[in-house]
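Residue numbers (this note's numbering), protein chains in the order written: chain A, 42 to 315; chain B, 85 to 368.
From the three backbone atoms N, C-alpha and C, an ideal C-beta is built for every residue, glycine too.
Worksheet: the structure to be examined is printed underneath.
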């Protein structure tokens, strides 16, 4: 009886906490559905007819929002793809110690993990503006893809794959490059999955890099665009801002829902070594 | 020549990664160090000024305020996130049915882009916004969340709300690795739940407590987006964190040399902090 009461109490706390977590998003959704500038409304609508999609309409047709979304998609898929490719290749070489001083190179890469990218942003800006890559999506993709975490992850994972498989294949007459693609790559797929999901989340959410490197409105990513909407000095249009916030978060939420397990593993790995 | 052929494939595989890292990580790191010794008003060329930027920093009222603010954020965030995520993990551990569901909900804010979360909380904090409406309904006085005195605790509230679920996963993994026999043995020996917590669970969780406090310290130093979106550093610089200060010096005042020096000092502080924490871990 006592135990049951205790369990019940725990569930009440858990549900309460879940409501606190969810409330801001529900409120944002509610605000995005009212056609006025006000935020002073009751949480539950009196009747259905007072709800409208006018804010979404405004966002999609009167602002650059669709462009921002497209830019974010280009930047995050581009940077993620590039990072996964270079990390797998370099990770393989370092794991198998194929080059002289492989361990030293790896130690240096671990050292780079200590440096937060924020520190480098001034030099990135100065350098990229010299070669005219500011206000250019490629100029955002390249620095975002140069993330040492992926190399660390892939190197560690491939080290765990026994090299005997490749060697056996090569004895059977397979070239090394074929062995890498046909034998190592399929076995490394779980790590590649974790890396892809983690990198996509990180690049989509990145704020400071596109903020500094892009000033032209039509080239902004959605994070910077939403921040712009929030920062209008005169009158923030709350309905539009909330609609933008929610739509802008959709892709990462979708990735989370679809690839929950990869995401959680990636978070723990990433946090565990920062 | 023979050697080159032997390494041909490996050099090809390693090159793109090393190239990107050197161009976009190593070179900027060296460049920032060099730029920090110059005066560089973005238009025009840099002039060498030696250590002047650094000596100016330590009497710069705005830098010191940003440093103080960052330490204030850290002081609030580290203990509260560590403690509350531990509690959340204990809660999740004792829930059997629906644990995965609650886990997914608690981690949800971490999935949502921080700019979106910040924009939403900017609305929640409005003087006539929903938080104050709730306070009034409860018969309390409305609060000016973004006033000079309260702005840092309010922003911390957002980060605590956002991060607890994430760090709870670390603790949960730790709790799940405690062998049940240990707790059963203690129960047989007459230890109540509080005793079990104090003398068995907490000591076993010590490595995770240290890990989470390190991660939240680093996280506190990384505060930028939230401040940028919600307050822009105001009112009167009272919420400005170090990264916001660096951004302002670089992209509002266009003093690149000085911003670079600030970034170097920022990195050194962060580095020293993590070294100290590493020493603490090794002593444990």
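Partners in chain A for residue 123 of chain B, counting only beta-carbon separations shorter than 8 Å: Residue numbering aside, residue 123 of chain B sits at position 39 when the second chain is read from its first letter. Those within 8 Å of residue 123 of chain B in chain A number zero; the least Cβ separation is about 14 Å.
Residue 315 of chain A versus residue 154 of chain A - alpha carbon distance: The residue you call residue 315 of chain A lines up with position 274 of the first chain. The residue you call residue 154 of chain A lines up with position 113 of the first chain. Here residue 315 of chain A scores only 37 on pLDDT, less than 50, and its place in the model should not be relied on; the value that follows carries that caveat. Each residue's Cα considered, the two are about 7 Å apart.
Pairwise C-alpha distance: residue 220 of chain A and residue 228 of chain A: Along the first chain, one-based indexing puts residue 228 of chain A at 187. Along the first chain, one-based indexing puts residue 220 of chain A at 179. Straight-line Cα distance between these residues: approximately 12 Å.
Residues from the stretch 183–210 of chain B in contact with chain A, defined by Cβ distance under 8 Å: 186, 188, 189, 190, 191, 192, 193, 194, 195, 196, 197, 198, 199, 200, 201, 202, 203, 204, 205, 206, 207, 208 and 210
Whole runs of the alpha helix (DSSP H) within the stretch 133–187 of chain A, excluding any shorter than 4 residues: The qualifying runs are 143–153, 158–171 and 178–186.
Three-way DSSP call (helix, strand, coil) for residue 336 of chain B in this model: Taking the first residue of the second chain as 1, we reach residue 336 of chain B at position 252. Under the three-state reduction of DSSP output, residue 336 of chain B falls in the coil class, being neither helix nor strand.
Backbone secondary structure at residue 152 of chain B - three-state DSSP: Against the second chain, residue 152 of chain B aligns to sequence position 68. In the structure shown, residue 152 of chain B falls within a helical segment according to DSSP collapsed to helix, strand and coil.
Residue 140 of chain A at chain B interface by Cβ criterion, 9 Å: In the first chain, the residue the question calls residue 140 of chain A occupies position 99. Closer than 9 Å to some Cβ of chain B, the Cβ of residue 140 of chain A qualifies, so yes.
Contact residues within the stretch 200–219 of chain A, judged by C-beta distance below 8 Å to chain B: 217 and 218
Any C-beta of chain B under 9 Å from that of residue 260 of chain A: Here the question's residue 260 of chain A lines up with position 219 in the first chain. No, because no Cβ of chain B sits closer than 9 Å to the Cβ of residue 260 of chain A.
Residue 347 of chain B and residue 116 of chain B closer than 9 Å at C-beta: The residue given as residue 347 of chain B occupies position 263 in the second chain. The residue given as residue 116 of chain B occupies position 32 in the second chain. Cβ distance < 9 Å, so residue 347 of chain B and residue 116 of chain B count as in contact.
Continuous alpha helix (DSSP H) assignments of at least 4 residues falling wholly in the stretch 279–358 of chain B: 286–305, 309–314 and 326–335
Test: residue 101 of chain B CB closer than 9 Å to a CB of chain A: Taking the second chain and counting its residues from 1, one reaches residue 101 of chain B at position 17. By this cut-off, residue 101 of chain B is an interface position.
Other residues of its chain near residue 166 of chain A: CB distance less than 8 Å, five sequence neighbours each side excluded: Taking the first residue of the first chain as position 1, residue 166 of chain A is located at position 125. For residue 166 of chain A, where only same-chain residues beyond five positions count, the Cβ hits under 8 Å are 175, 253 and 254.
CB contact below 9 Å: residue 271 of chain A versus chain B: By 1-based counting over the first chain, the position of residue 271 of chain A is 230. Cβ-Cβ to chain B under 9 Å: yes for residue 271 of chain A.
Nearest candidate by alpha-carbon position, reference residue 188 of chain B, set B:211, B:246 and B:92: Here residue 188 of chain B refers to the residue found at position 104 when the second chain is read from its first residue. Here the closest residue by C-alpha is B:246.
Coil, strand or helix - residue 123 of chain B by DSSP: Within the second chain, numbered from 1, the residue matching residue 123 of chain B stands at position 39. Residue 123 of chain B falls in the strand class under three-state DSSP.
Min CB distance residue 226 of chain A to chain B below 9 Å: In the first chain, residue 226 of chain A corresponds to position 185, counting from 1. Chain B, which has no Cβ nearer than 9 Å to the Cβ of residue 226 of chain A, makes this no.
Straight-line Cα distance separating residue 273 of chain B from residue 220 of chain B: Counting from 1 along the second chain, the entry for residue 220 of chain B is found at position 136. Counting from 1 along the second chain, the entry for residue 273 of chain B is found at position 189. Using only the alpha carbons, I get a separation of about 50 Å.
C-beta contact flag for residue 185 of chain A and residue 244 of chain A at 9 Å: Walking along the first chain from the start, residue 185 of chain A turns up at place 144. Walking along the first chain from the start, residue 244 of chain A turns up at place 203. A contact, by the Cβ cut-off of 9 Å.
Straight-line gap, residue 51 of chain A to residue 172 of chain B (C-alpha atoms, nearest Å): Numbered from 1 along the first chain, position 10 holds the residue referred to as residue 51 of chain A. Numbered from 1 along the second chain, position 88 holds the residue referred to as residue 172 of chain B. Using only the alpha carbons, I get a separation of about 11 Å.
Cβ pair count under 8 Å reaching 3, the stretch 124–144 of chain A against the stretch 276–285 of chain A: no
Endpoints, alpha helix (DSSP H) assigned at residue 206 of chain A: Taking the first chain and counting its residues from 1, one reaches residue 206 of chain A at position 165. Run containing residue 206 of chain A: 205–212, per the alpha helix (DSSP H) assignment.
Three-state class that DSSP yields for residue 132 of chain B in the structure shown: Mapped onto the second chain, residue 132 of chain B falls at position 48. In this structure, residue 132 of chain B counts as strand in the three-state DSSP scheme.
Cross-chain neighbours of residue 91 of chain B in chain A, by beta carbon under 7 Å: Indexing the second chain from 1 puts residue 91 of chain B at position 7. 140, listed in chain order.
C-beta contact flag for residue 197 of chain B and residue 246 of chain A at 9 Å: Translated into the one-based positions of the second chain, residue 197 of chain B becomes position 113. Translated into the one-based positions of the first chain, residue 246 of chain A becomes position 205. Taking 9 Å as the Cβ cut-off, residue 197 of chain B and residue 246 of chain A qualify as a contacting pair.
Proximal residues of chain A, C-beta to C-beta of residue 178 of chain B below 7 Å: Position 94 of the second chain, counted from the first residue, corresponds to residue 178 of chain B. 51, listed in chain order.
CB of residue 200 of chain B within 9 Å of CB of residue 252 of chain B, strictly: For the purposes of this step, residue 200 of chain B is taken as residue 116 along the second chain, with counting starting at 1. For the purposes of this step, residue 252 of chain B is taken as residue 168 along the second chain, with counting starting at 1. No, Cβ-Cβ distance for residue 200 of chain B and residue 252 of chain B is not below 9 Å.
Inter-residue CB distance, residue 265 of chain A and residue 271 of chain A (contact presumed, cutoff 8 Å): What you label residue 265 of chain A is simply residue 224 of the first chain in a count that begins at 1. What you label residue 271 of chain A is simply residue 230 of the first chain in a count that begins at 1. Actually they do not touch by this definition, with Cβ atoms about 11 Å apart.
Stretch pair the stretch 316–333 of chain B + the stretch 143–154 of chain B: three plus CB contacts closer than 8 Å: Between the stretch 316–333 of chain B and the stretch 143–154 of chain B there are three or more inter-stretch CB-CB distances shorter than 8 Å, so the stretches are counted as touching.
CB contact below 9 Å: residue 173 of chain B versus chain A: For the purposes of this step, residue 173 of chain B is taken as residue 89 along the second chain, with counting starting at 1. Residue 173 of chain B does not count as touching chain A.
Unbroken alpha helix (DSSP H) run spanning residue 197 of chain A, endpoints: Residue mapping note: residue 197 of chain A aligns to position 156 of the first chain, counting from 1. Membership of residue 197 of chain A in the alpha helix (DSSP H) is indicated by the continuous run 189–201.
For residue 302 of chain B and residue 360 of chain B, the rounded distance between their alpha carbons: On the second chain, position 276 is the one that residue 360 of chain B refers to. On the second chain, position 218 is the one that residue 302 of chain B refers to. One C-alpha to the other measures close to 13 Å.
Buried versus exposed, by CB contacts within 10 Å (16 or more), residue 282 of chain B: On the second chain, residue 282 of chain B is found 198 positions in, with the first residue counted as 1. Its Cβ having fewer than 16 others within 10 Å, residue 282 of chain B is exposed.
Close Cβ partners of residue 151 of chain A (< 7 Å) along its chain, the five nearest in sequence each way excluded: For this step, residue 151 of chain A is matched to residue 110 along the first chain. If we look at residue 151 of chain A and ignore the five residues flanking it on each side, its Cβ neighbours are 193.
Span of the alpha helix (DSSP H) around residue 229 of chain B: Here residue 229 of chain B refers to the residue found at position 145 of the second chain. No alpha helix (DSSP H) holds residue 229 of chain B; DSSP gives it neither H nor E.
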